[in-house]
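Q:
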Amino acid sequence: MPKAVIAGAGIAGLSAAIALRRAGWQVAVYEQAAAFAPLGAALSLWPNAMAALERLGMADRVAAAGAPLRAMLLADWRGKPIIARRDMAEPAVMITRARLHETLMVALDDVEVVLNAPIQSVRQHQVGVFVSFTNGDTVSADLLIDAGGIRSPIAASYTAPGAFRGYGGVLALSDAVSGPGLDGLAAEYWGWGERVGVFDLPDHRRYWFYMADQPPMAPAPTHAHIAARMNGWPGSVTVAIAATPADRLIPVRIHAKFAPKSLGQGRVISVGDAAHAMEPNLGQGACQAIEDAAMLGMIARQHRPEDILTLLEKNRLKRVGAIVNRAAEGKHGAHGLWVKQAAMRTLMRNLPASITERIVRSVQTLPA
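Numbering-wise (our numbering), the sequence shown opens with residue 1 and increments by one.
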């Protein structure tokens, strides 16, 4: 039975572990953190991610842990559509990062997950890879799957580092909101140099984010500042902000990588943000990590370890590169030069619906 060591127990790493277990591999997961802590806020899993989770046998469990996404809307801060409301034809889910992580962990109850295990060095040889940890332990495997995130030192030799993209803000999970829900509407509203998104979660809660242009080391905006800025914006936004304690905001500065030219070297393969960390303008970061895992599992089921990287790159590089680039273009609708913002909104409002639909489906459809 071939063996894989997975570096990183986040969404990308756990998804890869599930995929390889289903492919008949022995898997061990090593996480550098000493304990699992709730990180981040929530994730949108669009139809391509749900189809990939179906291949991992996880779609029903994940859907049960989240809230359905039934429609998308992109509008300006007054609520005037930039892209008309689009009803979802296939299943999509909004889920907190913590619940998704827990759901994936439960599916790996027979897999060794080692905490407090930072990697010190990686050495490849003809028939495998040796991984040494800072505590002196060493393991060997047929493959090392690098799921160490945007700052992964393993990926540094074959991908460019992440760079600040000129904007940031906060992520937040509200308390229960009284009154009518969003009925599964994923709504994003653009001002000039700032934007906000709001989404349903289970138990009448909301996930929301606020992003604004800022210099690299600017402090995160406060709850009071955001509430004041959002005065007059759509009611679903102001209600979600009001239902969120001020100490529960998660500050974030947006960093991303350029489109990757490689996903690894030899028997070392990077997945998720380690390979292609992207700006959060399409909601595809976690989706593409799960797609990576599904494709990795399909290839690993049928091919030799030494051939997997080549086949994975053949099937994934063009797609993830296009999505990384499109996500980078997306920021110009609400960030950066005013003239670019105005031009992008004009273009998006005047695109024929058939072209808009084709673009969305190209991103949100899992390739065969």
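Built from N, CA and C at the ideal position, the CB exists for glycine as well.
The structure presented is a predicted model; accordingly, all values stated were derived computationally and were not measured.
State yes or no: is the C-beta of residue 20 within less than 8 Å of the C-beta of residue 296?
A: As a working mapping, residue 20 is identified with position 20 in the sequence shown. As a working mapping, residue 296 is identified with position 296 in the sequence shown. In contact: residue 20 and residue 296 (Cβ atoms closer than 8 Å).
Q: Any idea which residues DSSP pairs residue 158 with across the strands?
A: As a first step, residue 158 must be located in the sequence shown, where it is residue number 158. Per DSSP, none; premise fails for residue 158.
Q: Going by DSSP, name the residue or residues bridged to residue 9.
A: As a first step, residue 9 is located in the sequence shown; it is residue number 9 there, counting from the start. Residue 9 is not bridged to any residue.
Q: The alpha helix (DSSP H) that contains residue 165, what's its start and end?
A: As a first step, residue 165 is located in the sequence shown; it is residue number 165 there, counting from the start. Looking at the DSSP string, residue 165 is not in any alpha helix (DSSP H); the run it does join, the beta strand (DSSP E), is 163 to 173.
Q: Beta carbon of residue 50, beta carbon of residue 114: below 8 Å?
A: As a position in the sequence shown, residue 50 is number 50, starting the count at 1. As a position in the sequence shown, residue 114 is number 114, starting the count at 1. Result no, Cβ atoms of residue 50 and residue 114 do not sit closer than 8 Å.
Q: Which residue marks the beginning of the alpha helix (DSSP H) containing residue 149, and which one marks its end?
A: For the purposes of this step, residue 149 is taken as the residue at position 149 of the sequence shown. Element bounds for residue 149: n/a, residue is neither H nor E.
Q: What are the uninterrupted segments assigned as beta strand (DSSP E) that are 3 or more residues long and contained completely in the segment 232 to 259, given in chain order?
A: Complete beta strand (DSSP E) runs here, min 3: 250 to 256.
Q: With DSSP collapsed to three states, give me the class of residue 229.
A: Stepping through the sequence shown from its first residue, residue 229 is reached at position 229. Helix.
Q: To the nearest angstrom, how far is it from the Cα of residue 304 to the Cα of residue 222?
A: In the sequence shown, residue 304 corresponds to position 304, counting from 1. In the sequence shown, residue 222 corresponds to position 222, counting from 1. Approximately 52 Å, taken between the alpha carbons.
Q: Ignore the nearest five residues each way along the sequence and tell me which others in residue 79's own chain have a CB closer than 6 Å to its CB.
A: Here residue 79 is taken as the residue at index 79 of the sequence shown, counted from 1. Counting only Cβ-Cβ distances below 6 Å, and skipping sequence neighbours, we find 234.
Q: For residue 307, count neighbouring Cβ atoms within 10 angstroms of its own Cβ and tell me buried if that reaches 16, exposed if not.
A: Counting from one through the sequence shown, the residue named residue 307 turns up at place 307. Classification for residue 307: exposed.
Q: So the beta strand (DSSP E) residue 208 belongs to, where does it begin and stop?
A: Within the sequence shown, numbered from 1, the residue matching residue 208 stands at position 208. Where residue 208 is concerned, the enclosing beta strand (DSSP E) stretches over 206 to 213.
Q: On a Cα-Cα basis, can you pick out the residue from 266, 197, 216 that is closest to residue 157?
A: As a first step, residue 157 must be located in the sequence shown, where it is residue number 157. Of the listed residues, the one whose Cα sits closest to residue 157 is 266.
Q: So what's residue 26 in DSSP terms, helix, strand or just coil?
A: Residue 26 sits at position 26 when you count from the first residue of the sequence shown. Residue state, collapsed to three classes: strand.
Q: If you draw a straight line from the alpha carbon of residue 253 to that of residue 151, how long is it in whole angstroms?
A: Along the sequence shown, one-based indexing puts residue 253 at 253. Along the sequence shown, one-based indexing puts residue 151 at 151. Straight-line Cα distance between these residues: approximately 14 Å.
Q: Here's a check: name, in chain order, each residue in its chain whose Cβ is nearer than 6 Å to the Cβ of residue 324, leaving out the five neighbours to either side.
A: What you label residue 324 is simply residue 324 of the sequence shown in a count that begins at 1. Counting only Cβ-Cβ distances below 6 Å, and skipping sequence neighbours, we find 259, 276, 278.
Q: Here's the rule: buried if 16 or more other CB atoms are within 10 angstroms of the residue's CB, otherwise exposed. What is residue 47?
A: Looking up residue 47 in the sequence shown gives position 47. So residue 47 counts as buried.
Q: Considering only the beta carbon of each residue, do residue 52 and residue 366 sit closer than 8 Å?
A: Mapped onto the sequence shown, residue 52 falls at position 52. Mapped onto the sequence shown, residue 366 falls at position 366. In this structure, residue 366 lies closer than 8 Å to residue 52 by Cβ.
Q: Grab me the residues of residue 197's own chain with a C-beta within less than 6 Å of its C-beta, minus the 5 sequence neighbours each way, in chain order.
A: Stepping through the sequence shown from its first residue, residue 197 is reached at position 197. Closer than 6 Å at the Cβ level, and outside the excluded window around residue 197, lie 188, 209.
Q: From what residue to what residue does the beta strand (DSSP E) around residue 190 run?
A: As a first step, residue 190 is located in the sequence shown; it is residue number 190 there, counting from the start. Per DSSP, residue 190 belongs to the beta strand (DSSP E) from 185 to 190.
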